[in-house]
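What follows is a single structure, written as structure tokens, with notes after it.
2 protein chains.
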Amino acid sequence: MDVTIYEVAKRAGVSIATVSRTLRGTGPVAARTREKVLKAVKELDFTPSRLGVSLAEGRHAANGVVFPDLAGPYYTEVLLGYEEVASELGRSVVILSTKGRSKVGDLVKDLAGRVDGMLIFGHAVPEPLVAELVRLGVRLVLISRDPLPGADTLRSENTDSARALAAHLTGHGYDRFAFLGAPLTSRDDVDERWQGVRAVLGGAIEAVDTGHYTVECGFEAARKLLKGRGRPRALVCSDDEVALGALLAAEELGLDVPGDVAVTGWDDIMAARHARPALTTVRQPMRRLGARAARALDELITGARDTPSHLILTTELVIRSSCGHHPQEVRT
Amino acid sequence: MDVTIYEVAKRAGVSIATVSRTLRGTGPVAARTREKVLKAVKELDFTPSRLGVSLAEGRHAANGVVFPDLAGPYYTEVLLGYEEVASELGRSVVILSTKGRSKVGDLVKDLAGRVDGMLIFGHAVPEPLVAELVRLGVRLVLISRDPLPGADTLRSENTDSARALAAHLTGHGYDRFAFLGAPLTSRDDVDERWQGVRAVLGGAIEAVDTGHYTVECGFEAARKLLKGRGRPRALVCSDDEVALGALLAAEELGLDVPGDVAVTGWDDIMAARHARPALTTVRQPMRRLGARAARALDELITGARDTPSHLILTTELVIRSSCGHHPQEVRT
DNA sequence: TTGTATGCGTTATCAA
DNA sequence: TTGATAACGCATACAA
Numbered sequence: 001m002d003v004t005i006y007e008v009a010k011r012a013g014v015s016i017a018t019v020s021r022t023l024r025g026t027g028p029v030a031a032r033t034r035e036k037v038l039k040a041v042k043e044l045d046f047t048p049s050r051l052g053v054s055l056a057e058g059r060h061a062a063n064g065v066v067f068p069d070l071a072g073p074y075y076t077e078v079l080l081g082y083e084e085v086a087s088e089l090g091r092s093v094v095i096l097s098t099k100g101r102s103k104v105g106d107l108v109k110d111l112a113g114r115v116d117g118m119l120i121f122g123h124a125v126p127e128p129l130v131a132e133l134v135r136l137g138v139r140l141v142l143i144s145r146d147p148l149p150g151a152d153t154l155r156s157e158n159t160d161s162a163r164a165l166a167a168h169l170t171g172h173g174y175d176r177f178a179f180l181g182a183p184l185t186s187r188d189d190v191d192e193r194w195q196g197v198r199a200v201l202g203g204a205i206e207a208v209d210t211g212h213y214t215v216e217c218g219f220e221a222a223r224k225l226l227k228g229r230g231r232p233r234a235l236v237c238s239d240d241e242v243a244l245g246a247l248l249a250a251e252e253l254g255l256d257v258p259g260d261v262a263v264t265g266w267d268d269i270m271a272a273r274h275a276r277p278a279l280t281t282v283r284q285p286m287r288r289l290g291a292r293a294a295r296a297l298d299e300l301i302t303g304a305r306d307t308p309s310h311l312i313l314t315t316e317l318v319i320r321s322s323c324g325h326h327p328q329e330v331r332t
Numbered sequence: 001m002d003v004t005i006y007e008v009a010k011r012a013g014v015s016i017a018t019v020s021r022t023l024r025g026t027g028p029v030a031a032r033t034r035e036k037v038l039k040a041v042k043e044l045d046f047t048p049s050r051l052g053v054s055l056a057e058g059r060h061a062a063n064g065v066v067f068p069d070l071a072g073p074y075y076t077e078v079l080l081g082y083e084e085v086a087s088e089l090g091r092s093v094v095i096l097s098t099k100g101r102s103k104v105g106d107l108v109k110d111l112a113g114r115v116d117g118m119l120i121f122g123h124a125v126p127e128p129l130v131a132e133l134v135r136l137g138v139r140l141v142l143i144s145r146d147p148l149p150g151a152d153t154l155r156s157e158n159t160d161s162a163r164a165l166a167a168h169l170t171g172h173g174y175d176r177f178a179f180l181g182a183p184l185t186s187r188d189d190v191d192e193r194w195q196g197v198r199a200v201l202g203g204a205i206e207a208v209d210t211g212h213y214t215v216e217c218g219f220e221a222a223r224k225l226l227k228g229r230g231r232p233r234a235l236v237c238s239d240d241e242v243a244l245g246a247l248l249a250a251e252e253l254g255l256d257v258p259g260d261v262a263v264t265g266w267d268d269i270m271a272a273r274h275a276r277p278a279l280t281t282v283r284q285p286m287r288r289l290g291a292r293a294a295r296a297l298d299e300l301i302t303g304a305r306d307t308p309s310h311l312i313l314t315t316e317l318v319i320r321s322s323c324g325h326h327p328q329e330v331r332t
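For the record, the sequence lines run as chains F and B.
Residue numbers for the first sequence follow the UniProt record's numbering, so the first one is 1 and each next one is one higher.
Residue numbers for the second sequence follow the UniProt record's numbering, so the first one is 1 and each next one is one higher.
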């Protein structure tokens, strides 16, 4: 890890330019010369310094990714798709978690100095910082954020899926609903889901804030809601983890799901399939989100595309047993 | 992102050395000079190039991490603990997934050129490659691998926990057992668990290979096992995901858990608590594993320690309802 | 076909 | 207290 191109050149009896050309195939090299060089390279076990290469090339060959937290399967899956494609494209992936960090701005800017572009999840970083990054010319792909000049955006569809979900629930004959996990900000994923169900259910659904999108918060909120009088007939949860918490609350209160109260989630994480009853949810194409982000970033970096792209991937309604009884049930 | 130290120096009317000293506090600078420099830095929005700094400093200020796949909560949690501490120590984290990759050797060696040291999970990379990395002088922390000269190793305790788990199961009065998820290699985590339960259960337990450690594989293996005559009274699974698959198989066969067959897992992933029945398992301190790995690596890199460390973290037996009936049940 | 020399953006040594 | 200047390791015009 510390033999340089100079040592190789000396050993092969050539100049460093020739060594470089040989290794990169970037210019003519006589067959005999190439032999000598490769021999020296082998003998010295030479690997070009990434730092040297990057400095000379003026690129890092690395992508960044910024997420709030990696807890929960959603971010993990997206990250996996991202890393896979980035690796295919010859780029490393540098990660940064912002959850509970004090100087997010500094961290993100430091990251920007290490990569050729980065993927930023939802609200992992505050709005002004995103704007500053755009101003600095950082190549950016934003997931689950509204279109922004100077950056690509990418998300999966929310509103229509939420409508479809709501329609399915009304099909079960339910009348009173609650939406668990109020939107963090207007115009985020959860807000779109809320708007979607609301368009169908109107005044029959109320929004309930859970604080965070976790099992615990879902549990607390659902317990309070289900203990009160006039409890809702169905709980539409902003994501699967909140829904899992709701299932636990129902169980603790001795309520049958879906007999006494129906529950739905969002994302289709692994635990959704293994919950009892199995969770009806909306499946996001998480890996594909990540993969697409990596390709979009590559286009931005290589200059293959200069106009921002704003993509929306489709989702899939996954009906299981937590939302109500179905004639012939299918295990998904 | 492309203003250099030269432009700052020119604007402030000083030399680049003075700019560097001012910014790093690495030498005396007159108060008045410092003012001028900082002013220029602010006006130009100068940030030192990471590449330049790294090249001059001779370090990347970055850690690598190599895992087989990020699917499942285990790797994610460890990674999170790792990234958190690395960030505290001022180091970025570069990730590499080896699952399904063809040229793992090249990828890992490329990674080695981007970082000051790396964490490698279990069998994410083949033995000879690890040896080569050691030979190349790469600072290494290995998780769940046997001690090796020239690298730190780190794992959580397996054998004793497995014994305790087995003892608990015998306490339920069970007589015939199966271990689902045969060890991949001798001397890995799963093998230690196997040895542990075997030490207690002796010939009463048989090992069953599941191929991979996934829900699907656990499901298939358990179904075959539970359908046959003389089915085991308890399934000890190598990890929680296999156990979740076993639960599904039991349900499909109309078997009651734990009434007809008991099931246990390992790791205590989120889904374990939400499975029905809730899964008895052994909790690994996943975040702490990652955090410890980051600190160990830092010690290796800074030279604070030169003798390899081999650490084993303790686990916790988590008794829930899938292993049998308990007098006063506690929801964990 | 090969070599020389310069640039990439810092840090740090040594003089002044 | 400050400034030249030599690394750091490579890529690549430009010459030869």
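Virtual Cβ for every residue (Gly too), placed ideally from N, Cα, C.
No experiment lies behind these values; they were computed from the predicted model shown.
Report the residue from the options whose alpha carbon sits nearest the alpha carbon of residue i.
i      : options                           : result
F/L111 : F/G100, F/L201 and F/V93          : F/V93
F/A178 : F/R193, F/V282, F/V141 and F/T315 : F/R193
F/L289 : F/V134, F/I120, F/P28 and F/A182  : F/I120
F/D191 : F/S87, F/D160, F/G13 and F/E220   : F/D160
F/D256 : F/V130, F/K99, F/L226 and F/W266  : F/L226
B/L142 : B/I312, B/T33 and B/G25           : B/I312
F/L140 : F/D298, F/G324 and F/A304         : F/D298
F/R24  : F/L317, F/L38, F/R11 and F/A12    : F/L38
B/D152 : B/L136, B/T185, B/G117 and B/P277 : B/G117
B/Y174 : B/L136, B/V263 and B/K99          : B/V263
F/V78  : F/S321, F/D189, F/L247 and F/R155 : F/R155
B/A249 : B/R91, B/D209 and B/E220          : B/E220
F/A12  : F/R32, F/T280 and F/R101          : F/R32
F/S309 : F/G150, F/K109, F/V115 and F/S15  : F/G150
F/E241 : B/A278, B/M270, B/P277 and B/G27  : B/M270
B/G324 : B/E206, B/V197, B/T280 and B/V130 : B/T280
F/N63  : B/G52, B/I95, B/D189 and B/K10    : B/I95
F/A207 : F/V215, F/E216 and F/A222         : F/A222
B/V3   : B/P48, B/V215, B/I205 and B/S144  : B/P48
Does any residue of chain B have a CB that is nearer than 8 angstroms to the CB of residue i?
i      : result
F/R176 : no
F/V134 : no
F/L89  : no
F/M118 : no
F/L23  : no
F/H274 : yes
F/S92  : yes
F/E220 : no
F/E216 : no
F/S54  : yes
Using the beta-carbon of each residue, which ones in chain F are nearer than 8 angstroms to residue i?
i     : result
B/T47 : K109 and G113
Just confirm the distance between the C-beta atoms of residue i and residue j, as a whole number of angstroms; I'd bet it's less than 8 angstroms.
i      : j      : result
B/A243 : B/G218 : 6 angstroms
F/S186 : F/Y213 : About 17 angstroms; that fails the 8 angstroms criterion.
F/L201 : F/A164 : The Cβ separation is near 12 angstroms, so there is no contact.
B/L235 : B/L180 : 5 angstroms
B/R283 : B/D268 : 4 angstroms
Which residues in chain F sit within 7 angstroms of residue i, going by Cβ to Cβ distance?
i      : result
B/A12  : Those within 7 angstroms of B/A12 in chain F number zero; the least Cβ separation is about 21 angstroms.
B/S161 : By Cβ distance, chain F contributes nothing, its closest Cβ being about 23 angstroms from B/S161, past 7 angstroms.
Using a Cβ-Cβ distance cut-off of 8 angstroms, determine whether residue i contacts chain F.
i      : result
B/I95  : yes
B/H325 : no
B/E83  : yes
B/L79  : yes
B/M270 : yes
Can you list the residues of chain B that residue i reaches, using a CB-CB cut of under 7 angstroms?
i      : result
F/R50  : G113 and R114
F/T76  : L70 and T76
F/L244 : H274
Please list, in chain order, the chain B residues whose beta carbon lies closer than 9 angstroms to that of residue i.
i      : result
F/L297 : Within chain B, no residue comes near F/L297; the closest Cβ sits about 16 angstroms away, beyond 9 angstroms.
*Does the stretch 60–74 of chain F come within contact of the stretch 115–134 of chain F, defined as at least 3 CB pairs closer than 8 angstroms?*
Judged by Cβ distances under 8 angstroms, the stretch 60–74 of chain F makes contact with the stretch 115–134 of chain F, as three or more pairs qualify.
*Please determine if the stretch 50–60 of chain F and the stretch 83–90 of chain F are in contact, where contact requires at least 3 C-beta pairs separated by less than 8 angstroms.*
Using a Cβ-Cβ distance cut-off of 8 angstroms, the stretch 50–60 of chain F and the stretch 83–90 of chain F are not in contact, since fewer than three pairs of beta carbons, one from each stretch, lie closer than that value.
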